[in-house]
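Each remark here refers to the structure printed beneath this line.
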Amino acid sequence: MKTSLENRNYDTMLEPSDWRFSAAIVGLMQYFDYHNIQYEMNDDAILYNQIDITEDRYLNFVENKYGERFHHKVIENILKESELSDEQIKTVNEKLKANTVMKNVFGKTKFNGSNKEMILNLLNENRDSLIKETFRLKSDMYADYANTNQIFNESQGYCRLLGYYIDSGKKGKSTAYNFVMNNFVSQDIKEFDFIPFAFYGDRETFFINDNFNISRLKITSKILEKSLKNKDEKVKNSRQAFFKGIIESSDFIKRDVEVIVKNVDNDFFETLYIRKKNIDILKSLSNNNVDYEALNILFKVTEKFYRNIQCEVMNDILNDIYLDDLIELFLKEKRAYIVSQLIKINILMRGEGNMNDKLKGAYACAKQVAGKIENNKIESYRQKLTSSVIFKDYDRACQILLQLSNYSNVEFGFVYDLFDSFEDNKDLVYTFINALSKDTNRNDNAKN
Numbered sequence: 182m183k184t185s186l187e188n189r190n191y192d193t194m195l196e197p198s199d200w201r202f203s204a205a206i207v208g209l210m211q212y213f214d215y216h217n218i219q220y221e222m223n224d225d226a227i228l229y230n231q232i233d234i235t236e237d238r239y240l241n242f243v244e245n246k247y248g249e250r251f252h253h254k255v256i257e258n259i260l261k262e263s264e265l266s267d268e269q270i271k272t273v274n275e276k277l278k279a280n281t282v283m284k285n286v287f288g289k290t291k292f293n294g295s296n297k298e299m300i301l302n303l304l305n306e307n308r309d310s311l312i313k314e315t316f317r318l319k320s321d322m323y324a325d326y327a328n329t330n331q332i333f334n335e336s337q338g339y340c341r342l343l344g345y346y347i348d349s350g351k352k353g354k355s356t357a358y359n360f361v362m363n364n365f366v367s368q369d370i371k372e373f374d375f376i377p378f379a380f381y382g383d384r385e386t387f388f389i390n391d392n393f394n395i396s397r398l399k400i401t402s403k404i405l406e407k408s409l410k411n412k413d414e415k416v417k418n419s420r421q422a423f424f425k426g427i428i429e430s431s432d433f434i435k436r437d438v439e440v441i442v443k444n445v446d447n448d449f450f451e452t453l454y455i456r457k458k459n460i461d462i463l464k465s466l467s468n469n470n471v472d473y474e475a476l477n478i479l480f481k482v483t484e485k486f487y488r489n490i491q492c493e494v495m496n497d498i499l500n501d502i503y504l505d506d507l508i509e510l511f512l513k514e515k516r517a518y519i520v521s522q523l524i525k526i527n528i529l530m531r532g533e534g535n536m537n538d539k540l541k542g543a544y545a546c547a548k549q550v551a552g553k554i555e556n557n558k559i560e561s562y563r564q565k566l567t568s569s570v571i572f573k574d575y576d577r578a579c580q581i582l583l584q585l586s587n588y589s590n591v592e593f594g595f596v597y598d599l600f601d602s603f604e605d606n607k608d609l610v611y612t613f614i615n616a617l618s619k620d621t622n623r624n625d626n627a628k629n
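Counting in this note's numbering, the sequence shown runs from 182 upward without gaps.
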């Protein structure tokens, strides 16, 4: 919420009343810090002067923040060098016509190695326009978050953010049938132009509304920025980097929080609520010997569609969804190591600390059976059990287990828990099926 103040050192107060105001606060603090502008930060709000927010300063901050994501900055940095290679000259010419904004400024100008000053002069004369128009229109900058025609506008009747904005002169898909404008309530402030700076990622960006207090909001934003900017080669996207940050950083998200997600392909924001108990599960993965890096795989469904398994696992954890479907998928695929890691996570989610001894018992039974019967029988029983569990024919699964126990002359102590409640003890049968092989290393080391 924005409040005007009188007879104070500062004339404006901004409070994190919802995620939009929280994100605006984070963006504003970055802007003030960059320009060394004084403002006051307390637990509940920031205080500042409206006169300190100017278009010139805003554009200067934007250019610094996004750097060589602007074509003109690439050109400028290259032309600072005294000697240029043919490749650098080629890059400059490509950037001069990289988009409509650049073409409007440089026209048909070409860099030949000797007209450096002319190009730099054109660039400096049009710097503000190059920054503003590129930032405003680029799909992963302002245009990803707000109506491009509203930048620098004062507060208005309809919020400038995508998914919140209504074109009052042209009602269309943004309004429902029989929508009554007079009944619509919205909030908009010019400080919402600072919201894009609070999001971090690539095609999918994140903002954590950790608004317990303003200091916490700022700290969490910096940790998020570090987690997403310093992702290693194994991390395939920003969502994975986000989850990795939660798992590996002790100071990252300590309470129930709201996470706002913006995908560049969507014209709306999504909200992800993360509960502390789910965060604790994520943070406990390493302590419980879960190799979550082994889940960093893409599972091929079709030639054009792959499932990101690590992201699915993390989403399921955050949404309290057990990993049964994934376990059954990889049981069918005979990916024993993957299954073993998924089972460990399932146990953590169920909160059944006493289950480990039972799992060891199921594993031992499977290995005893594998040592007593021939391979073709092992494979046959494995397929029957897997199919029964996948199709939720639990009576049939119990019958198969009893048959196998009799055939192998191995007593299955774990089966009584399945008789009592198959659904609650499915991890036992998952473990048994996964270990049902003569390969002694299959469940422990085979990251196949």
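Ideal Cβ placement from N, Cα and C applies to all residues, glycine included.
**Request:** Would you list, in sequence order, the uninterrupted beta strand (DSSP E) runs of no fewer than 3 residues that lie entirely inside the stretch 224-287?
**Result:** 227-229
**Item:** Residue span of the alpha helix (DSSP H) that contains Ile-559, given as start and end
**Value:** 556-571
**Message:** My assumption, with CB atoms under 8 Å, is that Asp-461 sits in contact with Ile-528. Please give the rounded CB distance.
**Reply:** Not really, about 14 Å apart at Cβ, beyond 8 Å.
**Asked** So, are the CB atoms of Tyr-323 and Ile-312 less than 8 Å apart?
**Response** no
**Request:** Answer yes or no: do Tyr-191 and Glu-221 have a C-beta to C-beta separation smaller than 8 Å?
**Result:** yes
**Request:** List the DSSP bridge partners of Thr-184.
**Result:** Met-194
**Asked** Where do the ends of the beta strand (DSSP E) carrying Tyr-597 lie?
**Response** Here Tyr-597 belongs to no beta strand (DSSP E); instead the alpha helix (DSSP H) covers 596-601.
**Message:** Using DSSP's beta-bridge definition, name the partner residues of Gly-382.
**Reply:** Thr-386
**Request:** Specify, as a first and last residue, the run of the alpha helix (DSSP H) that Phe-213 falls within.
**Result:** 200-216
**Message:** Alpha carbons only, please: which of Asn-390, Lys-558 and Ala-543 is nearest the one belonging to Leu-405?
**Reply:** Asn-390
**Item:** Burial state of Leu-566, where buried means 16 or more other Cβ atoms lie within 10 Å
**Value:** buried
**Request:** Note down, in chain order, each residue of its chain lying with its Cβ closer than 7 Å to the Cβ of Asn-364, except the 5 sequence neighbours on either side.
**Result:** Confidence at Asn-364 is low in this model, with a pLDDT of 44, below 50, so the placement of that residue should be treated as unreliable; the coordinate-derived value is given next. None.
**Cβ-based neighbour list, Leu-240, same chain, cut-off 7 Å, excluding 5 preceding and 5 following** = Asp-309, Ile-312 and Lys-313
**Request:** Quick one: give me the first and last residue of the alpha helix (DSSP H) that Tyr-518 is part of.
**Result:** 517-531
**Asked** Are the CB atoms of Ser-408 and Phe-423 nearer to each other than 8 Å?
**Response** yes
**Message:** Could you pull the DSSP bridge partners for Ala-475 from this structure?
**Reply:** Ala-475 is not bridged to any residue.
**Message:** If you reduce the DSSP assignment to three classes, tell me which class Arg-189 lands in.
**Reply:** coil
**Asked** Whose CA, out of Gly-534, Phe-378, Asn-587 and Met-495, lies closest to the CA of Lys-443?
**Response** Phe-378
**Request:** Kindly confirm or deny that the stretch 601-618 and the stretch 508-517 touch, where touching means at least three C-beta pairs closer than 8 Å.
**Result:** yes
**Item:** Three-way DSSP call (helix, strand, coil) for Tyr-454 in this model
**Value:** strand
**Request:** Compare the beta carbon distance of His-380 and Phe-388 with 8 Å and say whether it is the shorter of the two.
**Result:** Checking the sequence shown, residue 380 turns out to be Phe, not His. Contact: yes.
**Request:** Report the partner residues of Arg-488 according to the DSSP bridge assignment.
**Result:** Phe-480
**Item:** Cβ-based neighbour list, Asn-489, same chain, cut-off 7 Å, excluding 5 preceding and 5 following
**Value:** Lys-417 and Leu-479
**Message:** Mapping the DSSP letters down to three states, classify Glu-221 as helix, strand or coil.
**Reply:** strand
**Prompt:** Can you give the Cα-Cα distance for Ser-355 and Gly-344, rounded to whole angstroms?
**Reply:** Low confidence applies to Ser-355: its pLDDT is 47, below 50, so where it sits in the model is not reliable enough to give any reading.
**Item:** Assigned secondary structure, Val-366 (DSSP; H/G/I helix, E/B strand, else coil)
**Value:** Interpretation of Val-366 is limited by its pLDDT of 46, a score under 50 that renders its predicted location unreliable; no figure is taken from the coordinates.
**Request:** Check Leu-318 in the structure and name its three-state DSSP category.
**Result:** helix
**Item:** Status (buried if at least 16 other CB within 10 Å, exposed otherwise) for Arg-436
**Value:** exposed
**Request:** Go ahead and pull the three-state DSSP assignment for Ile-614.
**Result:** helix
**Request:** Let me know the secondary structure DSSP gives Ile-434 once reduced to three states.
**Result:** coil
**Prompt:** To which residues does DSSP link Asp-439 through a beta bridge?
**Reply:** The amino acid at residue 439 is misidentified as Asp; the sequence shows Glu. Answer by DSSP bridge pairing, in chain order: Asn-390 and Tyr-454.
**Asked** Asn-444 by DSSP, collapsed to three states: which one?
**Response** strand
**Request:** Kindly give me the distance between the Cβ atoms of Val-550 and Leu-585, rounded to whole angstroms, as I take these residues to be in contact under 8 Å.
**Result:** 6 Å
**Request:** Would you decide whether Arg-623 is buried or exposed? Buried here means 16 or more other CB atoms lie within 10 Å of its CB.
**Result:** Residue placement at Arg-623 is poorly supported in this model, since its pLDDT is 49, which falls under 50; the coordinates are not used for a value here.
**Prompt:** Buried or exposed: which applies to Asp-506, given that a residue is buried once 16 or more other Cβ atoms fall within 10 Å of its Cβ?
**Reply:** exposed
**Residue closest to Asn-468, alpha-carbon to alpha-carbon, out of Glu-306, Gly-552, Phe-202 and Lys-525** = Lys-525
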